[in-house]
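Asks: Chains as they are written, first to last, in full-length UniProt numbering: chain U, 1 to 345; chain X, 1 to 345. For glycine and all other residues, C-beta sits at the position ideal for the given N, C-alpha and C. Keep in mind that this is a model prediction, so the values were computed, not measured.
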DNA sequence: GCGCCTTGTGTAAACCTTTTCATAGTTTGT
DNA sequence: ACAAACTATGAAAAGGTTTACACAAGGCGC
């Protein structure tokens with residue numbers, strides 16, 4: 001059977017015996033229509049199976065209430081949890097959420113940006129710093145909030161964890177446990193958040209008057225391999241600290257792997273601390289002590305700010321940064337330095 | 001500065017000195033417009049920063065080229081990989097992909113369904129069997145293809161792995177290794193795919209003339225705990241087989257954990273086989289022998305079928321099932337039964 | 001009983017496109 | 001050289017909605 005052409009507002013009006021204006025009001029501003037009329041309209045809607053044609057509606061109104069959340073990898077656990085915070089808040093305020101998946105592919109990203117512009121979406125939340133805004137020249141975008149990773153040119157409001165404070169907390173925890181010689185694994189300039197974690201690390205070391213010579217800085221890119229690699233490097237250089245502070249959990253797991261491969265056990269021989277609190281952190285053994293990303297809160301904060309921008313209409317409020325304080329999660333990968341701790345034979 | 005009202009087709013037409021009809025053609029049917037004119041129009045578009053108003057366009061055309069992919073949990077690795085297959089194929093054919101995340105929440109799901117209906121999306125792909133279609137009465141939906149898990153009332157075309165064949169392959173592999181007494185962990189009626197895996201298991205056992213008494217059926221829900229639990233149960237019942245076929249990889253990992261907790265090593269003491277080939281399967285030790293979901297292929301097949309339905313306009317083609325044959329992935333968790341294999345002391 | 005406010009409803013314009021049909025100009029075939 | 005067939009363009013309708021404005025009816029205070 002051919003799908004019957006969907007009912008329009010006019011069909012409803014005819015059946016209910018009213019004008020289309022009244023139907024429109026009955027649907028979207030029920031309080032403006034008499035009770036009896038409302039009832040007639042609702043019945044007609046039931047009969048026809050009418051749904052407002054969103055296209056026509058937003059064409060007329062010049063806006064939608066849809067928010068696009070753009071992520072490079074929707075499989076990223078950081079993303080999933082945050083998304084739930086976003087969704088709950090958004091739907092409570094009458095906004096719908098759509099998700100886009102860029103894989104950091106400029107083509108794909110551009111498509112989504114175009115989608116946002118041409119569909120007049122209400123706003124967007126970015127989980128990715130790299131977006132080809134250049135190619136958009138002239139196309140006007142709705143309000144944007146970026147989360148986790150400040151977006152490219154810093155012109156957007158940003159909500160994220162306080163990386164500096166987190167780095168400081170992690171380093172302080174190691175120091176409090178008695179470590180004096182500590183490695184920082186994953187040093188890089190290319191990601192702002194990692195750079196800030198490093199700054200936090202240095203602040204804590206400075207405050208504890210640990211000389212630069214006792215801070216073992218190892219570059220890395222946040223990958224598992226970079227962690228394993230760092231361990232090898234330090235053993236080869238015979239420059240092994242008693243504790244490793246890693247730029248993220250994945251690196252930390254790599255470090256633990258590398259240490260285990262050399263026959264050491266954690267935390268007896270070495271202490272390791274990560275950053276992010278990814279799901280794997282609890283599964284490995286020993287479970288990883290780390291700094292937790294306040295994911296849900298980041299999501300909620302981001303959407304609240306976005307909605308404020310959307311509703312406030314101000315639009316030209318300057319881009320701000322809202323940093324959320326992370327918590328230290330104590331698990332089993334950190335203790336006081338053991339005898340092998342400083343094997344500078 | 002107030003965001004200037006976005007340029008419309010009329011602005012472009014005025015600047016280019018042509019009619020709006022010509023602009024429309026220049027944008028969407030360039031071959032229908034003279035080269036010189038096209039050039040003028042394109043320049044005007046650049047000047048104004050014009051983007052087609054998708055609302056007006058699809059209102060006029062009565063359709064969009066957007067496909068919604070609906071998943072209960074977008075963090076599910078099954079989903080992510082499949083999605084990439086879908087996206088590539090879809091964008092090559094000029095369709096855009098949006099993603100929805102239901103968390104199996106009927107409210108949320110219904111919202112998405114309404115979104116699809118009211119925005120006249122071109123079609124949808126379902127990764128979830130449970131959807132509140134009842135509540136939609138009368139609302140007309142575009143073509144739908146369900147993947148991985150047949151949708152509720154079976155009225156949709158379904159693309160998925162051949163669970164029966166996969167179950168058979170897994171069981172046959174265990175039998176070929178010499179196992180005679182085998183557990184099936186995760187038996188349940190509530191998920192069709194699991195039920196079918198069980199059927200495959202039974203077919204293989206029947207073919208090998210293994211009596212029912214040597215098939216140890218343990219119920220479960222596919223969770224990690226259910227796997228651990230199963231092990232405990234069997235040891236308590238003193239009814240331990242030499243091999244475990246698990247309804248999915250997560251359960252299998254649970255079983256391996258349970259066995260490890262009791263001090264056994266795999267595969268020397270017991271063999272374990274899973275289903276799905278989740279990412280963790282390679283990380284645990286020993287790596288898990290399993291049946292791989294042909295994810296990318298499922299994605300591609302699903303979208304191809306959907307597009308055929310959309311373009312074919314036929315629409316009333318009967319719902320079909322397309323089952324894709326999975327491969328057995330040999331890793332380290334299965335060997336011939338060892339001496340402890342049948343501890344019916 | 002009269003002006004006035006309130007309440008409920010309808011008419012018609014506007015939102016921005018795509019596309020049918022018509023027209024004018026240009027080739028092509030004989 | 002003339003009809004026929006294209007080609008390139010424009011005018012105008014249509015798509016489904018919201019909303020400003022107008023209007024009618026009813027209630028109120030005086």
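1) Sort out for me which residues DSSP pairs residue 305 of chain U with in a bridge.
2) For residue 330 of chain X, collect the residues of the same chain with a Cβ closer than 7 angstroms to its Cβ; drop the 5 residues on either side in sequence, then sort them by chain order.
3) What's the C-alpha gap between residue 211 of chain U and residue 147 of chain U?
4) Taking all protein chains shown into account, do 16 or more other C-beta atoms lie within 10 angstroms of the C-beta of residue 78 of chain U, making it buried, or fewer, making it exposed?
5) Write down the C-beta distance between residue 356 of chain U and residue 251 of chain U rounded to the nearest angstrom, noting that I regard them as a contact closer than 8 angstroms.
6) Do residue 254 of chain X and residue 297 of chain X come within 8 angstroms of each other at the CB atom, strictly closer than that value?
7) Does any CB atom of chain U fall closer than 8 angstroms to the CB of residue 77 of chain X?
8) Give a yes or no on whether the minimum CB-CB distance between residue 249 of chain X and chain U is below 8 angstroms.
9) Please list, in chain order, the residues of the segment 144 to 165 of chain U that have any C-beta partner in chain X closer than 9 angstroms.
10) Residues in the same chain with beta-carbon distance under 8 angstroms from residue 1 of chain U, minus the five sequence neighbours each way, listed in chain order, please.
11) Could you confirm whether any beta carbon from chain X is found closer than 8 angstroms to the beta carbon of residue 309 of chain U?
12) Which residue's Cα is closest to the Cα of residue 293 of chain X: X/286, X/287, X/285, X/279?
13) So, are the CB atoms of residue 74 of chain X and residue 95 of chain X less than 8 angstroms apart?
14) In this structure, how does DSSP classify residue 215 of chain X when only helix, strand and coil are distinguished?
15) Contact between the segment 37 to 44 of chain X and the segment 89 to 104 of chain X: three or more CB pairs below 8 angstroms?
16) Give me the Cα-Cα distance between residue 257 of chain U and residue 228 of chain U, rounded to the nearest whole angstrom.
17) I need the boundaries of the beta strand (DSSP E) containing residue 292 of chain U, first residue and last residue.
18) At 7 angstroms on the CB atoms, spell out the chain X contacts of residue 120 of chain U, in chain order.
19) Mind checking whether residue 208 of chain X and residue 168 of chain X have CB atoms under 8 angstroms apart?
20) Please check if any C-beta of chain X sits within less than 8 angstroms of the C-beta of residue 300 of chain U.
21) Suppose the cutoff is 8 angstroms on Cβ atoms and the five residues either side in sequence are ignored; what does the same chain contact list for residue 319 of chain U look like?
22) Alpha carbon to alpha carbon, how far is residue 56 of chain X from residue 328 of chain X? Give it in angstroms, no decimals.
23) Per DSSP, which residues does residue 125 of chain X bridge with? Please list them.
24) By the three-class DSSP mapping on this structure, what secondary structure does residue 285 of chain X have?
25) Below 8 angstroms on the Cβ atoms is my contact criterion, and I expect residue 273 of chain U with residue 245 of chain U to pass it. Report the Cβ-Cβ distance as a whole number of Å.
26) Per DSSP, what kind of secondary structure is residue 344 of chain X in: helix, strand or coil?
27) Using the beta-carbon count (16 or more within 10 Å), is residue 261 of chain X buried or exposed?
28) Here's a check: name, in chain order, each residue in its chain whose Cβ is nearer than 8 angstroms to the Cβ of residue 142 of chain U, leaving out the five neighbours to either side.
29) Determine the chain X residues that contact residue 96 of chain U at a beta-carbon separation under 7 angstroms, and present them in chain order.
30) So what's residue 95 of chain U in DSSP terms, helix, strand or just coil?
31) One question on the structure: do residue 242 of chain U and residue 271 of chain U come within less than 8 angstroms of each other, judged by their Cβ atoms?
32) Between residue 374 of chain X and chain U, is there a C-beta pair that is closer than 8 angstroms?
33) As a quick exercise: from X/86, X/63, X/190, pick the residue whose alpha carbon is nearest that of residue 130 of chain X.
34) Specify, as a first and last residue, the run of the alpha helix (DSSP H) that residue 254 of chain U falls within.
35) Only counting the same chain, and skipping five residues up and downstream in sequence, which positions put a Cβ closer than 7 angstroms to that of residue 233 of chain U?
36) Just confirm the distance between the C-beta atoms of residue 162 of chain U and residue 323 of chain U, as a whole number of angstroms; I'd bet it's less than 8 angstroms.
Replies: Based on what the coordinates show:
1) Residue 305 of chain U sits at position 305 when you count from the first residue of the first chain. Note: residue 305 of chain U sits in no beta bridge, so no partner.
2) As a position in the second chain, residue 330 of chain X is number 330, starting the count at 1. 289.
3) Residue mapping note: residue 211 of chain U aligns to position 211 of the first chain, counting from 1. Residue mapping note: residue 147 of chain U aligns to position 147 of the first chain, counting from 1. Cα-Cα distance, rounded: 35 angstroms.
4) Position 78 of the first chain, counting from 1, holds the residue named residue 78 of chain U. Classification of residue 78 of chain U: buried, given that the 10 Å Cβ count is 16 or more.
5) What is shown of chain U runs 1 to 345, which leaves residue 356 of chain U out entirely.
6) Working through the second chain from its first residue, we reach residue 297 of chain X at position 297. Working through the second chain from its first residue, we reach residue 254 of chain X at position 254. Inclusion of residue 297 of chain X and residue 254 of chain X in the CB contact set at 8 angstroms is not warranted, their separation being larger than that value.
7) By 1-based counting over the second chain, the position of residue 77 of chain X is 77. True, the Cβ-Cβ gap to chain U drops below 8 angstroms.
8) Counting from 1 along the second chain, the entry for residue 249 of chain X is found at position 249. Judged by the 8 angstroms Cβ criterion, residue 249 of chain X is not in contact with chain U.
9) Result list empty, no residue passes.
10) Position 1 of the first chain, counting from 1, holds the residue named residue 1 of chain U. The pLDDT assigned to residue 1 of chain U is 34, lower than 50, so where the model puts this residue is not dependable; a value taken from the coordinates is nonetheless given after this. None.
11) By 1-based counting over the first chain, the position of residue 309 of chain U is 309. No, its Cβ sits nowhere closer than 8 angstroms to a Cβ of chain X.
12) Taking the first residue of the second chain as 1, we reach residue 293 of chain X at position 293. For the residues X/286, X/287, X/285, X/279, the minimum Cα distance to residue 293 of chain X belongs to X/279.
13) For the purposes of this step, residue 74 of chain X is taken as the residue at position 74 of the second chain. For the purposes of this step, residue 95 of chain X is taken as the residue at position 95 of the second chain. Going by beta carbons, residue 74 of chain X and residue 95 of chain X fall outside the 8 angstroms limit.
14) Taking the first residue of the second chain as position 1, residue 215 of chain X is located at position 215. If DSSP states are grouped into helix, strand and coil, residue 215 of chain X belongs with the strands.
15) With a cut-off of 8 angstroms, the segment 89 to 104 of chain X and the segment 37 to 44 of chain X do not count as touching, because too few Cβ pairs lie within range.
16) On the first chain, residue 257 of chain U is found 257 positions in, with the first residue counted as 1. On the first chain, residue 228 of chain U is found 228 positions in, with the first residue counted as 1. If I take the Cα positions, the gap works out to 6 angstroms.
17) Start at 1 with the first residue of the first chain, and residue 292 of chain U comes out as number 292. First-last of the beta strand (DSSP E) with residue 292 of chain U: 290 to 292.
18) On the first chain, residue 120 of chain U is found 120 positions in, with the first residue counted as 1. The contacting residues are 55.
19) As a first step, residue 208 of chain X is located in the second chain; it is residue number 208 there, counting from the start. As a first step, residue 168 of chain X is located in the second chain; it is residue number 168 there, counting from the start. The answer is no: Cβ separation not under 8 angstroms.
20) On the first chain, position 300 is the one that residue 300 of chain U refers to. Taking CB atoms only, residue 300 of chain U has no neighbour in chain X less than 8 angstroms away.
21) Along the first chain, read from residue 1 onward, the residue named residue 319 of chain U stands at position 319. 154, 155, 156, 157, 158.
22) Locating residue 328 of chain X in the second chain gives position 328, counting from the first residue. Locating residue 56 of chain X in the second chain gives position 56, counting from the first residue. Whole-angstrom Cα-Cα distance: 51 angstroms.
23) For the purposes of this step, residue 125 of chain X is identified with residue 125 of the second chain, where counting begins at 1. Looking at the DSSP assignment, residue 125 of chain X forms a beta bridge with X/69, X/145.
24) On the second chain, residue 285 of chain X is found 285 positions in, with the first residue counted as 1. In this structure, residue 285 of chain X counts as coil in the three-state DSSP scheme.
25) Sequence index remark: in the first chain, residue 273 of chain U carries index 273 (1-based). Sequence index remark: in the first chain, residue 245 of chain U carries index 245 (1-based). With a contact defined as Cβ atoms closer than 8 angstroms, residue 273 of chain U and residue 245 of chain U qualify at about 5 angstroms.
26) The residue given as residue 344 of chain X occupies position 344 in the second chain. With a pLDDT of 37 at residue 344 of chain X, under the threshold of 50, the modelled position of that residue is not reliable, and the figure given next carries that caveat. Coil.
27) Numbered from its first residue, the second chain carries residue 261 of chain X at position 261. Result: exposed.
28) Within the first chain, residue 142 of chain U is the residue found at index 142, counting from 1. Contacts found: 116, 120, 121, 122, 123, 124, 310.
29) Taking the first chain and counting its residues from 1, one reaches residue 96 of chain U at position 96. Here the neighbours are 111, 115.
30) For the purposes of this step, residue 95 of chain U is identified with residue 95 of the first chain, where counting begins at 1. In the structure shown, residue 95 of chain U sits in coil (DSSP, three-state: anything other than H, G, I, E or B).
31) On the first chain, position 242 is the one that residue 242 of chain U refers to. On the first chain, position 271 is the one that residue 271 of chain U refers to. Result yes, Cβ atoms of residue 242 of chain U and residue 271 of chain U sit closer than 8 angstroms.
32) Nothing in the structure corresponds to residue 374 of chain X, since chain X is present only between 1 and 345.
33) Position 130 of the second chain, counting from 1, holds the residue named residue 130 of chain X. Nearest of X/86, X/63, X/190 to residue 130 of chain X, Cα basis: X/190.
34) On the first chain, residue 254 of chain U is found 254 positions in, with the first residue counted as 1. Residues 249 to 261.
35) The residue labelled residue 233 of chain U in the question sits at position 233 within the first chain. Excluding residues within five positions, the ones whose Cβ falls inside 7 angstroms are 218.
36) Along the first chain, one-based indexing puts residue 162 of chain U at 162. Along the first chain, one-based indexing puts residue 323 of chain U at 323. The pair is a contact, with the Cβ atoms about 4 angstroms apart (cut-off 8 angstroms).
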